[in-house]
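The numbers in the sequence shown follow my numbering, run straight up by one, and end at 1556. All C-beta atoms, glycine included, are put in the ideal place defined by N, C-alpha and C.
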Amino acid sequence: VQLQASGGGLVQAGGSLRLSCAASGSGFNRYTTGWSRQAPGKQRELVATITSRGSTNYADSVKGRFTVSRDNAKNTMLLQMNSLKPEDTGVYYCNAQKLGPNWRYWGQGTLVTVSS
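Written out as structure tokens, the structure reads:
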């Protein structure tokens, strides 16, 4: 599975962005997928996951502000980010096939910068 993330950019605090992840190859629609992020100088953290059936989970820091969704027919996944905060700044990666705490597949990352 190859993953391509897009949609990052510069936004002011309180604004919104929508990230997209396009997948190619077989299996995407069977896997749990999700988004991770890494802020400058910090460890990578899990942001959101969505199972093949659409069940979602979120990090406490983004609950109520971010929404993950997927379209299995189109092999795509979205992350709608609202009420963005400067601490949401980082490189966002789309992921597929969760293996315990890790992911088997990683996209190349897209940079989100939230200015105060």
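Going by DSSP, E1527 is part of no beta strand (DSSP E) at all; its letter is neither H nor E. Between the region 1525-1536 and the region 1450-1466, the count of C-beta pairs closer than 8 angstroms reaches three or more; the two stretches touch. Judged by DSSP in its simplified three-state form, N1512 adopts coil rather than helix or strand. Excluding five sequence positions before and after S1509, the CB atoms of its chain that fall closer than 6 angstroms to its own CB belong to L1518, given in chain order.
Per DSSP, reduced to three states, the secondary structure at R1493 is coil, with no helix or strand assignment. In the structure shown, the three-state DSSP call for R1484 is coil.
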